[in-house]
Amino acid sequence: METGIDDRSALLYQIDHIFLPPKLPQENDFTVANDRALLDHVLDALRQFKDDAEGHHSSDIGRAIQMISTMLQCRPTRNLNPQQVCSALDNLVDEGR
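When we follow this note's numbering, the leftmost residue of the sequence shown carries the number 279, and every step to the right adds one.
Pasting the structure below:
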């Protein structure tokens, strides 16, 4: 997976945010790039998991994939994109997703 950021930084960020760290962080370690890498990693895992899922579980996983994809579209930078949020809310009403 190519993220265009420091892979070591992204890996350490993912380890701290997927697994319980030995102690809680003492400072804010958020960066847009590391957060994006974490969500891209989760999306890749969900897509692989969906390929192996059976029946209705596949559609449930598909909804989780759509949710995270929408979240990424709504926050392309540190802040939310108001137009994307409105669009996501409109789609929620129209499509029930």
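Yeah, the Cβ is synthetic: ideal placement off N, Cα and C, and Gly gets one too.
For residue i, which of the options has the nearest alpha-carbon?
| i | options | result |
| --- | --- | --- |
| Ala366 | Asn357, Gln344, Thr355 and Arg356 | Gln344 |
| Arg314 | Leu370, Ala342, Asp338 and Gln292 | Gln292 |
| Leu324 | Thr348, Arg341, Asp368 and Gln361 | Arg341 |
| Leu350 | Gln361, Asp318, Ser336 and Leu302 | Asp318 |
| Ser347 | Val310, Asp322, Phe308 and Phe297 | Asp322 |
In whole angstroms, give me the CA-to-CA distance for residue i and residue j.
| i | j | result |
| --- | --- | --- |
| Gly282 | Leu316 | With a pLDDT of 49 at Gly282, under the threshold of 50, the modelled position of this residue cannot be trusted; read the value that follows with caution. Using only the alpha carbons, I get a separation of about 13 angstroms. |
| Val320 | His295 | 11 angstroms |
| Gln326 | Ser336 | 11 angstroms |
| Thr355 | Thr309 | 9 angstroms |
| Arg390 | Asp330 | Nothing can be reported for residue 390: it is not among the residues displayed for the chain, which extend from 279 to 375. |
| Leu302 | Asp284 | 23 angstroms |
| Gln362 | Asp338 | 23 angstroms |
Does at least one heavy atom of the ligand MN sit under 6 angstroms from the Cβ of residue i?
| i | result |
| --- | --- |
| Asp330 | What this structure holds is no ligand at all, so the ligand MN is not there to describe. |
How about residue i and residue j: do their beta carbons lie closer than 7 angstroms?
| i | j | result |
| --- | --- | --- |
| Leu358 | Cys352 | yes |
| Asn306 | Ala288 | no |
According to DSSP, simplified to helix, strand and coil, what is residue i?
| i | result |
| --- | --- |
| Met279 | With a pLDDT of 46 at Met279, under the threshold of 50, the modelled position of this residue cannot be trusted, and the question is left open. |
| Ala331 | coil |
| Pro354 | coil |
| Asn312 | helix |
Using a Cβ cut-off of 7 angstroms (strictly closer), state whether residue i contacts chain B.
| i | result |
| --- | --- |
| Met349 | Note that chain B does not occur in the displayed structure, where there is just one protein chain. |
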